[in-house]
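Engineer:
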Amino acid sequence: MSRWLQFDRQLREVDEDIGKLERLLAAPSISEERRTQVRRQMADMRRRQAQITREVFSRLNAWDNVLLARHADRPYTLDYVKAVFDDLIELHGDRRFGDDPAIVAGLASLEGRTVAVIGHQKGRDVKERQFRNFGSARPEGYRKAGRVMRLAEKLQCPVISFVDTPAAESRPEAEERGIANAIAESMLLMSELQTPIVAIIIGEGGSGGAIGIGVADHIMMLEHAIYSVIPPESCAVILEAFGRDPKRGPEAAEALRLSAARTKELGAVDEVIPEPLGGAQRDPAAAAQHVKAALLSALDRLREVPTEELVAARYRKYRDIGHFVEG
Amino acid sequence: MTHQRSENRPGEAVPEGLWNKCPQCGDMLYQPEMEQDLYVCRHCGHHRRLTARERTAITADEGSFIEHDAAMRSSDPLAFPGYAAKLEEDAAATGLHDAFIWGECRIEGRPVAVAVMDFSFRGGSMGAVVGEKFARAAEHAVERKVPFVVFACSGGARMQEGIVSLLQMAKTTTVVGRLKRERIPFVMVYTDPLTAGVFASFASVADIAIAEQKALVGFAGPRVIEKAFNIKLPPGSHTAEFQYEHGMVDSVVPRRQLRPLLGRILRLLSPAPKEDVQ
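Here is the structure:
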């Protein structure tokens, strides 16, 4: 077990203790003297908890980061949508085959302006996880996203894309309906779309499934999200460098440089959005406020740019991705 | 995700290098005959994988191929464990600096920008060099107003370049958008094996996609799928023929018919070069 996961368990135990004290305070029979005592005790516990959290988070390694990004309590796309936007009309179906619950798409209102929202959606409990296919999108998901992005272009409103997927669906059914084509067409559409696009990697940015809705004018990534070409465990299994051993996933995670900070250094994201202390799952409301602030400032800036210039700059941004030696 | 297989590497020769064993039927094939047969087994029809050089040799009009950016190489942007050594190993084995060569040539008299991937270099995986060479080849096609023909075989994005490799999916696909705006025909040829990040990017958004018969073509490799989901795939799943059946490919042909078919396509896509006009 990772150090961080152990720590996370401890944190939750402290949360429970604080919760017990809170219930005690709420009891009508409690004396004023006891009330003051309990309050002091709670404040101490909170202070100590924050201090330990800061210490642990200053030493997170890449594997801790992977587990944090996959944390079951982490806010998902619809959690952010509910907290950030005033309204969402979800649109369903790709008008070709079906509706993919692993990608949500629709029109929403942000501070009075209409925006198009697309995003991978994971499930919270066992039933919803299955319904959402663990956030692994099928061809229909990418095609639905495409349909809504075209609508955004028509309405001249910006597209906001939330990225959070372990990988695209690769079962035979997805293959038969052209998952590779659906991802490629989606990237092509985003590269040419005549309206601003902002992408936010909120949890797992898993390879082709992620970049399939991840082409944008401005790419943001939450502080503890990951963005990777392959899950580190799979990478360890395939590469000799890790002895083809799945248990060496943590080493592969380090080597893949999949953290937000490293990803930004490599030029794959433009901005890292800070998370509340202990990670977004500790305070989803605060995380959503950070996302909202970053989103509003990015959209304000992109709205000023004439469309033609915007799309030309997007082309250059992708065309000029480098990292090679001329020879 | 990279899916690598070492079977079928060229040069698995028995003494004197003149006889080669067919990896499918085990028959002995005489080297000069193999070349004549385009490395297709005359007994069972098995298509041996071709190196990028062999592919250009059987595709381009004789002496017409001029390669560009041959020396471009990876900068190992992640300083990934063991990667530099692997690059050197593959370079020594293949004579290439990465899994992609591009240049200009004529195919059945028609000038084109052409690119060929090589599976024997890092499983044909796409990192920054593959992405940049793809972009330059496409730009050459735009400048010269000639069609762009790409032969792809690839295990996907190159793991050792991490997120930089993933970005190449977006980069190459973005460049395909420019081909569309500039009205440059883009023809893909799928060869064995073509999977993952390359299949799910530029290879899937061509104007015309043709595949060599029996080539493995799929988003995920079939063996990966069988293992991951604990299922048994029917024979023929994830092949060129399977993709044709599901509407992902325009035509599946044996190697022998590929060049004539490309010639016909190019005649329809591009006007005859000036010197050929009567």
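One line per chain: the protein sequences are Z and C, in this order. The first sequence lines up with residues 59 to 385 when you count with the numbering used here. The second sequence lines up with residues 444 to 721 when you count with the numbering used here. Even for Gly, the Cβ is constructed at its ideal location relative to N, Cα and C.
#1: Compare the C-beta of proline 524 of chain C with all C-beta atoms of chain Z and state if any pair is closer than 9 Å.
#2: Could you tell me whether the Cβ of glutamine 479 of chain C comes closer than 9 Å to any Cβ of chain Z?
#3: What do you get for isoleucine 708 of chain C, buried or exposed, if any count of 16 or more other CB atoms within 10 angstroms of its CB means buried?
#4: Can you list, in chain order, the residues of its chain whose CB lies under 7 Å from that of tyrosine 473 of chain C, leaving out five sequence neighbours each side?
#5: Determine the contact status of isoleucine 259 of chain Z and leucine 280 of chain Z, defining contact as a CB-CB distance below 9 Å.
#6: From this set, C/Asp533, C/Ala658, C/Ala534 and C/Ser647, which residue's C-alpha is nearest glycine 386 of chain Z's C-alpha?
#7: I'd like the list of long-range same chain contacts for glycine 151 of chain Z, defined as Cβ closer than 6 Å, with 5 residues on each side in sequence excluded.
#8: From Z/Glu329, Z/Gly385 and Z/Leu354, pick the residue whose C-alpha is nearest to that of glutamate 169 of chain Z; which is it?
#9: Do the segment 306-324 of chain Z and the segment 227-238 of chain Z meet, that is, are 3 or more Cβ pairs less than 8 Å apart?
#10: Please classify methionine 471 of chain C as buried or exposed, where buried requires at least 16 neighbouring CB atoms within 10 angstroms.
#11: Tell me whether lysine 185 of chain Z is buried or exposed, calling it buried when 16 or more other Cβ atoms sit within 10 Å of its Cβ.
#12: Below 9 Å between beta carbons is the criterion; list the residues of the segment 500-518 of chain C that meet it against any residue of chain Z, in chain order.
#13: Along the chain, where does the beta strand (DSSP E) containing aspartate 222 of chain Z start, and where does it finish?
#14: Measure the alpha-carbon distance for glutamate 234 of chain Z versus histidine 689 of chain C and round it to whole angstroms.
#15: Thinking just about the alpha-carbon of each residue, which of C/Val607, C/Val572, C/Tyr633 and C/Ile509 is nearest to the one in alanine 595 of chain C?
#16: Name the DSSP bridge partner or partners of valine 114 of chain Z?
#17: Would phenylalanine 115 of chain Z and isoleucine 176 of chain Z be called neighbours here (beta carbons separated by less than 9 Å)?
#18: Which of helix, strand or coil does DSSP assign to asparagine 119 of chain Z?
#19: Taking valine 221 of chain Z as the query, report the chain C residues whose CB atoms sit under 8 Å from its CB, ordered along the chain.
#20: Could you tell me whether the Cβ of arginine 498 of chain C comes closer than 9 Å to any Cβ of chain Z?
#21: So with CB distances below 8 Å, who are the chain C contacts of threonine 321 of chain Z?
#22: Please name the residue or residues paired with isoleucine 284 of chain Z in a DSSP beta bridge.
#23: Return the residue from the list C/Ala556, C/Ala558 and C/Phe562 that minimises the CA-CA distance to alanine 534 of chain C.
#24: Span of the beta strand (DSSP E) holding valine 632 of chain C?
#25: DSSP state of valine 273 of chain Z, grouped into three classes?
#26: Please list the segments of the alpha helix (DSSP H) lying wholly inside the segment 575-652 of chain C, counting only runs of 4 or more residues, in order along the chain.
#27: Whole angstroms are fine: how far does the CA of valine 696 of chain C sit from the CA of serine 644 of chain C?
#28: At what residues does the alpha helix (DSSP H) containing histidine 348 of chain Z begin and finish?
#29: Which same chain residues, not among the five before or five after valine 142 of chain Z, have their C-beta less than 8 Å away from its C-beta?
#30: Measure the beta-carbon distance from alanine 203 of chain Z to isoleucine 147 of chain Z and round it to whole angstroms, keeping in mind my assumption that it falls under 8 Å.
#31: Does the beta carbon of serine 116 of chain Z sit closer than 9 Å to a beta carbon anywhere in chain C?
#32: Going residue by residue through the segment 101-189 of chain Z, where are the continuous beta strand (DSSP E) segments of at least 3 residues, counting only ones entirely within it?
#33: Does DSSP classify tyrosine 473 of chain C as helix, strand or coil?
#34: Can you tell me the Cα-Cα spacing of valine 424 of chain C and glycine 181 of chain Z, whole angstroms?
#35: Can you tell me the Cα-Cα spacing of proline 224 of chain Z and proline 290 of chain Z, whole angstroms?
#36: Go through the segment 495-583 of chain C residue by residue and report every complete run of the beta strand (DSSP E) that reaches 3 residues or more, in order.
Structural biologist: Let's see:
#1: Translated into the one-based positions of the second sequence, residue 524 of chain C becomes position 81. Answer yes: the Cβ-Cβ gap between proline 524 of chain C and chain Z drops below 9 Å somewhere.
#2: Here residue 479 of chain C refers to the residue found at position 36 of the second sequence. No, because no Cβ of chain Z sits closer than 9 Å to the Cβ of glutamine 479 of chain C.
#3: Taking the first residue of the second sequence as position 1, residue 708 of chain C is located at position 265. Buried: at least 16 other Cβ atoms inside 10 Å.
#4: Taking the first residue of the second sequence as position 1, residue 473 of chain C is located at position 30. Excluding residues within five positions, the ones whose Cβ falls inside 7 Å are Leu461 and Trp462.
#5: Mapped onto the first sequence, residue 259 of chain Z falls at position 201. Mapped onto the first sequence, residue 280 of chain Z falls at position 222. In this structure, leucine 280 of chain Z lies closer than 9 Å to isoleucine 259 of chain Z by Cβ.
#6: Look at the range of chain Z in this structure, 59 to 385, and you will see that residue 386 of chain Z is not part of it.
#7: Sequence index remark: in the first sequence, residue 151 of chain Z carries index 93 (1-based). Cβ within range, chain order: Asp157.
#8: Translated into the one-based positions of the first sequence, residue 169 of chain Z becomes position 111. The option with the nearest alpha carbon to glutamate 169 of chain Z is Z/Leu354.
#9: The segment 306-324 of chain Z, when compared against the segment 227-238 of chain Z, does not touch it at the 8 Å Cβ threshold.
#10: For the purposes of this step, residue 471 of chain C is identified with residue 28 of the second sequence, where counting begins at 1. Counting Cβ neighbours within 10 Å, methionine 471 of chain C comes out exposed, since fewer than 16 surround it.
#11: Start at 1 with the first residue of the first sequence, and residue 185 of chain Z comes out as number 127. Classification for lysine 185 of chain Z: exposed.
#12: Asp512, Ala513, Ala514, Met515, Arg516, Ser517 and Ser518
#13: Numbered from 1 along the first sequence, position 164 holds the residue referred to as residue 222 of chain Z. That run of the beta strand (DSSP E) goes 217-223.
#14: Your numbering for residue 234 of chain Z matches position 176 in the first sequence. Your numbering for residue 689 of chain C matches position 246 in the second sequence. Each residue's Cα considered, the two are about 6 Å apart.
#15: As a working note, residue 595 of chain C is residue 152 in the second sequence. Considering only alpha carbons, the answer is C/Tyr633.
#16: Working through the first sequence from its first residue, we reach residue 114 of chain Z at position 56. In the DSSP output, where bridge partners are listed per residue, valine 114 of chain Z has none listed.
#17: The residue given as residue 115 of chain Z occupies position 57 in the first sequence. The residue given as residue 176 of chain Z occupies position 118 in the first sequence. Not in contact: phenylalanine 115 of chain Z and isoleucine 176 of chain Z (Cβ atoms no closer than 9 Å).
#18: For the purposes of this step, residue 119 of chain Z is identified with residue 61 of the first sequence, where counting begins at 1. Looking at asparagine 119 of chain Z - three-state DSSP - the assignment turns out to be coil, as it is neither helix nor strand.
#19: Taking the first residue of the first sequence as 1, we reach residue 221 of chain Z at position 163. The contacting residues do not exist; valine 221 of chain Z stays about 12 Å from chain C at best.
#20: Residue mapping note: residue 498 of chain C aligns to position 55 of the second sequence, counting from 1. Judged by the 9 Å Cβ criterion, arginine 498 of chain C is not in contact with chain Z.
#21: Within the first sequence, numbered from 1, the residue matching residue 321 of chain Z stands at position 263. Near threonine 321 of chain Z (Cβ distances below 8 Å), the residues of chain C are Ile606.
#22: Here residue 284 of chain Z is taken as the residue at index 226 of the first sequence, counted from 1. Note: isoleucine 284 of chain Z sits in a beta bridge opposite Z/Glu262 and Z/Ser317.
#23: Here residue 534 of chain C corresponds to residue number 91 of the second sequence, with the count starting at 1. Ranking C/Ala556, C/Ala558 and C/Phe562 by Cα distance to alanine 534 of chain C puts C/Phe562 first.
#24: Taking the first residue of the second sequence as position 1, residue 632 of chain C is located at position 189. First-last of the beta strand (DSSP E) with valine 632 of chain C: 629-638.
#25: Taking the first residue of the first sequence as position 1, residue 273 of chain Z is located at position 215. Three-state DSSP puts valine 273 of chain Z in coil, outside helix and strand.
#26: Within the segment 575-652 of chain C, the complete alpha helix (DSSP H) runs of at least 4 residues are 605-624 and 639-642.
#27: Against the second sequence, residue 644 of chain C aligns to sequence position 201. Against the second sequence, residue 696 of chain C aligns to sequence position 253. Their backbone Cα atoms lie some 23 Å apart in a straight line.
#28: For the purposes of this step, residue 348 of chain Z is taken as residue 290 along the first sequence, with counting starting at 1. Counting along the chain, the alpha helix (DSSP H) containing histidine 348 of chain Z begins and ends at 342-361.
#29: Walking along the first sequence from the start, residue 142 of chain Z turns up at place 84. Closer than 8 Å at the Cβ level, and outside the excluded window around valine 142 of chain Z, lie Leu168, Ala346, Val349, Lys350 and Leu353.
#30: Translated into positions along the first sequence, residue 203 of chain Z becomes position 145. Translated into positions along the first sequence, residue 147 of chain Z becomes position 89. Contact flag wrong, Cβ pair sits at about 15 Å.
#31: On the first sequence, position 58 is the one that residue 116 of chain Z refers to. For serine 116 of chain Z, the answer is no, since every Cβ of chain C falls outside 9 Å of its Cβ.
#32: 145-148, 161-168 and 171-178
#33: Within the second sequence, the letter at position 30 stands for residue 473 of chain C. Note: tyrosine 473 of chain C maps to strand in three-state DSSP.
#34: With chain C running from 444 to 721 in the structure shown, residue 424 of chain C is simply not present.
#35: On the first sequence, residue 224 of chain Z is found 166 positions in, with the first residue counted as 1. On the first sequence, residue 290 of chain Z is found 232 positions in, with the first residue counted as 1. Cα to Cα, proline 224 of chain Z sits roughly 11 Å from proline 290 of chain Z.
#36: Counting whole runs of 3 or more residues, the segment 495-583 of chain C contains the beta strand (DSSP E) stretches 509-511, 543-550 and 553-560.
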